[in-house]
Amino acid sequence: MSKELLSTEKLSIGCVAPPAASMVNKTGTWRTQRPVFKNEACIGCRACELACPEGCVFEDPEHTHVLEGKDREVANRVFDPDFCKGCGICATECPVDDIDMVMEEK
Amino acid sequence: MASDELFDYSDRVLTPGYTSCLGCGEALAMRIVTQAVGKNAVFTNCTGCSEIFTSRYPTSSWAAPWLHSLFENSAAIASGVYYALKHKGKLEGVNVIGTGGDGGTADIGLQCLSGAAERGDDLLYCCWDNEAYMNTGIQRSSLTPLDAATTTSPSGKASWGNDRPKKDLPAIMAAHHIPYVGVGSCGYYRELPKMVKKALSYRGPKYLQVHAVCPLGWRSDPGKTCEIARLAFETGCYPLYEIIEGEMKAHKPPKGGWKPVEEYLKPQGRFRHLFRQADGEQQIVRVQALAAENIRRFYGDDEVPDFAKEAEKKVADMAEPQEAEATA
Amino acid sequence: MAETQEILEGAMAVAHAVSRCRPEVVAAYPITPQTHISEELSQIVADGDLNAEFVKVESEFGAASVICGASAAGARAYTATSSQGLLLMSEVLWNIAGMRLPIVLACANRSISAPLSIWCDHQDAEAIRDAGIIQLYAEDNQEACDQHLIAYKVAEDRRVLLPAMVNLDGFLLTHVFEPTIIPDQDLSDQYLPPYEAVMKLDVNDPATFGAFTEPDKCMEGRWMVHDACRRSLPVIEEASAEFEKIFGRPSGGLLEEFHTDDADIILVAKGSLSGTIKDVVEEMRAEGTKVGLMRIKTYRPWPEEAILRVIKDAKHIAVIERGASFGAGGVMTPEIKETLFDAGLQIPVSGYCVQLGGREVPPDGIREIVDRAAKGEKQTAYEYFRLKEDILPDLVPGA
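Chains as they are written, first to last, in the numbering used here: chain A, 1 to 106; chain B, 1 to 328; chain C, 1 to 399.
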């Protein structure tokens, strides 16, 4: 019933809003700096994924790297540029310094 | 993989696009806690940052049913939801989660929270403690720590900032003899889902307070949010623990030993005056003494480091000249 | 099934009438003179005669908040209060109206502190008259009972979806024993089917209740509350007509016309005071004075069309109120004047605050008001009737 009664174009009775409609708001446009995921030393600890307030760091299983001197393939990490605000928490939390923060280009 | 396959938000309780500040510890805590709860839940909110940044009509971030009413009644509307679902037999596998900031919980919302806890209502209440009324522009709350500068407890020639220590809200909740009281931190994000699952394994009222660093209000580096949160614990300024069925379980002490409070205070602009104003060190000593008390309370006297005990002695000495004046 | 009449205290009767409405969540906090309603309801639940959650809330604010959450989750919900309690929960009631949740509450009208008084006047309900909450006023206990069923029926109607408040005078109705018919449960079930929310908090169909709106949309959101309140006018009349059809006796409606057909002087009032006024009207009619009473049953929405039909030919109107707007004038008095003005009618209107805080105006007071109107007295300001000036101190201390 909600789907017929709720829209993002008009108000609804009681101003009830549709669920999960925030992704149109691309907070990535806020950034002044961006993370660079080097994906060299990354051990797959997931700190970057967990500590991101926006939850926009993801595992990219199709792209992997092998840790130097180890026989282990670790999936790369990527961030969603639509939502990353460039806060830098991922870079701070990474235990192996595999994430740099650089100034965002125009 | 196409980016929409890679960036899959379909399982999220909170979809991104919410307008929290960069590095918001509250947003981090909320994201992790709500995700641990899952979509089979009805969430309530009080007015505040967490409500404003997730519910601008019509771009709500909430994928689960959500109700916001007023500033001070998140716990009471959660109770109402609980009673309605209970009456309709719709509570099977569904949790009721009340949420709010420290202002809306500890101050104006305390009556409703106490009522829900006293009645034994089956809901989990999560308090995002960023230690001030942040949404209205950083005003002091009863959970603002000693000497923190806020807009209603600013530092100045005649003020060291907030002149009261934090109200012990977890103790107030524990005094209701509810099955679960937890104090977590946005800095220990791996532990939060475990705390949520533990809490939800109990029937009855549950309370989870999460320390949430606010880079804007605390004037700290947004990238250091989790680090600063951990320093709060590692210095003894913000004890972390669970009280499960009345039994206290303190967080294990920091691996490298307890750190002096300066390490926690220094990176925050809201304590900057303690390092700049003359006699500021005396206030830092007071903060250190409070931390010492915290460490003793949860870990015993042996755990309290010497530098912390020295601070307590200094505080006691500082009090004496006043007594001498009174009797003269 | 024949209904029986019992001699019941007003509050008790109301509690049983509420029980007939099958509320699912009841939350109420004690306050004189409403308390017997809550106590009796809690006994009805304790006796297993009503399957409802009776929530032991920590304040009236808690009561309104609990029923806000319950209604948003799709349950029929109820509370009762008075005076200070109504003011304390007023923030929630405004919020409930804005969110279009159809809760019903009783207000046992009581004076507002300070000074503290537990006795009747209408300032409590009138203080929240702008919120868009439907307001019905009962003259007697029977009406107070019936209006609860009508209130739910109107509130939950999809054309309305607003909270509704049944006002009954504190002590004068709540604590008075009158012969009352408690509506039959089967007939009540026929009249008032179970509540089906249009939208609710539901894990299978999630939605966001209570989002904030920016200036580009907020006015429309607020206007919709006004619109729904206006829209309830015909719904109230329909609900009242259906009540008569099912229960076999008339009740409800927008207003009562008592000897107003050919009246030169029309008195306007609401609530139990109407009983006293009707006695005086009958006496004075027997003496040849063409006086009548228009009793307002539905105060919000303001039924101006129905009112105009009654008063348009009067020579003088006297509004007899149990309220006031301090620093200005009356409450219903300016509303009557506005209705007349908008219709281009220049009938003189006198407004009287006949009591605040429970001191009843006797029949000779009503008679005096009618006599003054009959003499063509032109009032220049809202009058506090028979104010005891001899007990007033120096109004500027130390002057």
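Even for Gly, the Cβ is constructed at its ideal location relative to N, Cα and C.
If you run the structure through DSSP and keep just helix, strand and coil, what is residue i?
| i | result |
| --- | --- |
| A197(C) | coil |
| D130(C) | helix |
| W94(C) | helix |
| S155(B) | strand |
| R295(C) | strand |
| S114(B) | helix |
| S251(C) | coil |
| C353(C) | strand |
| R300(C) | strand |
| R31(B) | helix |
| N76(A) | strand |
| I52(B) | helix |
| K85(A) | coil |
| W258(B) | coil |
| M330(B) | What the structure shows of chain B is the stretch from 1 to 328, and residue 330(B) is not part of that stretch, so it cannot be assessed. |
| V18(C) | helix |
| T260(C) | coil |
Taking C-alpha atoms, which residue in the options lies nearest to residue i?
| i | options | result |
| --- | --- | --- |
| Q268(B) | A289(B), F307(B), G223(B) and L290(B) | G223(B) |
| L14(B) | G109(B), W62(B) and V33(B) | W62(B) |
| G80(B) | G98(C), A27(C), L395(C) and V354(C) | A27(C) |
| V310(C) | G271(C), G329(C), A286(C) and E256(C) | E256(C) |
| L162(C) | W119(C), L149(C), R231(C) and L173(C) | R231(C) |
| V42(B) | I295(B), R276(B), N162(B) and G98(B) | G98(B) |
| S219(B) | T151(B), A36(B), S10(B) and C186(B) | Strictly speaking, residue 219(B) in this sequence is Arg, with Ser absent from that position. Comparing Cα positions, the closest option is T151(B). |
| D60(A) | D82(A), V78(A), I99(A) and E40(A) | V78(A) |
| Q84(C) | G170(C), M99(C), D146(C) and V18(C) | G170(C) |
| P351(B) | M248(B), D129(B), A229(B) and P179(B) | It is not possible to answer for residue 351(B), since the shown part of chain B is limited to 1 through 328. |
Buried or exposed for residue i, going by 16 or more other Cβ atoms inside 10 Å?
| i | result |
| --- | --- |
| E323(B) | In this prediction, E323(B) scores a pLDDT of 45, lower than 50, which makes its location untrustworthy; the coordinate-derived value is nonetheless stated afterwards. Its Cβ having fewer than 16 others within 10 Å, E323(B) is exposed. |
| A399(C) | exposed |
| T105(B) | buried |
| I134(C) | buried |
| A328(B) | Bear in mind that a pLDDT of 43 at A328(B), under 50, signals an unreliable position, so the model cannot answer this. |
| V181(B) | buried |
| G344(C) | exposed |
| W302(C) | buried |
| L273(C) | buried |
| A63(C) | buried |
| M134(B) | buried |
| D279(B) | exposed |
State the Cα-Cα distance for the pair residue i and residue j, rounded to the nearest angstrom.
| i | j | result |
| --- | --- | --- |
| K309(B) | A289(B) | 7 Å |
| K266(B) | E281(B) | 12 Å |
| L208(B) | Y29(C) | 28 Å |
| R296(B) | A171(B) | 16 Å |
| R285(C) | K278(C) | 10 Å |
| R31(B) | E54(A) | 8 Å |
| N294(B) | Y238(B) | 8 Å |
| G69(A) | E303(B) | 41 Å |
| L395(C) | E368(C) | 28 Å |
| A174(B) | A91(A) | 37 Å |
| K245(C) | I108(B) | 49 Å |
| Q43(C) | T79(C) | 15 Å |
Between residue i and the ligand SAH, is the CB less than 8 Å from at least one heavy atom?
| i | result |
| --- | --- |
| A306(C) | With respect to the ligand SAH, the structure shown offers nothing to examine, as it has no ligands at all. |
For residue i, report the span of its alpha helix (DSSP H) as first-last.
| i | result |
| --- | --- |
| P193(B) | L192 to L200 |
| V370(C) | P363 to A374 |
| L267(C) | Segment I265 to A269 is the beta strand (DSSP E) holding L267(C); no alpha helix (DSSP H) there. |
| I77(B) | S74 to H87 |
| H211(B) | No alpha helix (DSSP H) holds H211(B); the beta strand (DSSP E) holding it covers K206 to H211. |
| Q5(C) | Premise fails: Q5(C) lies in the beta strand (DSSP E), Q5 to E9, not in any alpha helix (DSSP H). |
| G182(B) | Element bounds for G182(B): not the alpha helix (DSSP H) but the beta strand (DSSP E), Y180 to S185. |
With residue i as the anchor, note down where its beta strand (DSSP E) starts and where it stops.
| i | result |
| --- | --- |
| Y382(C) | No beta strand (DSSP E) holds Y382(C); DSSP gives it neither H nor E. |
| L67(B) | W66 to H68 |
| W128(B) | L124 to D129 |
| R34(A) | Q33 to F37 |
| P61(A) | V57 to V66 |
| T422(C) | Here chain C covers residues 1 to 399 and nothing more, so residue 422(C) does not appear. |
| V26(C) | V25 to A27 |
| H316(C) | H316 to E321 |
Name the residues in the stretch 67 to 95 of chain A whose C-beta lies less than 8 Å from a C-beta of chain F; which are they? Of the chains in the structure shown, none is chain F; the protein chains are A, B and C.
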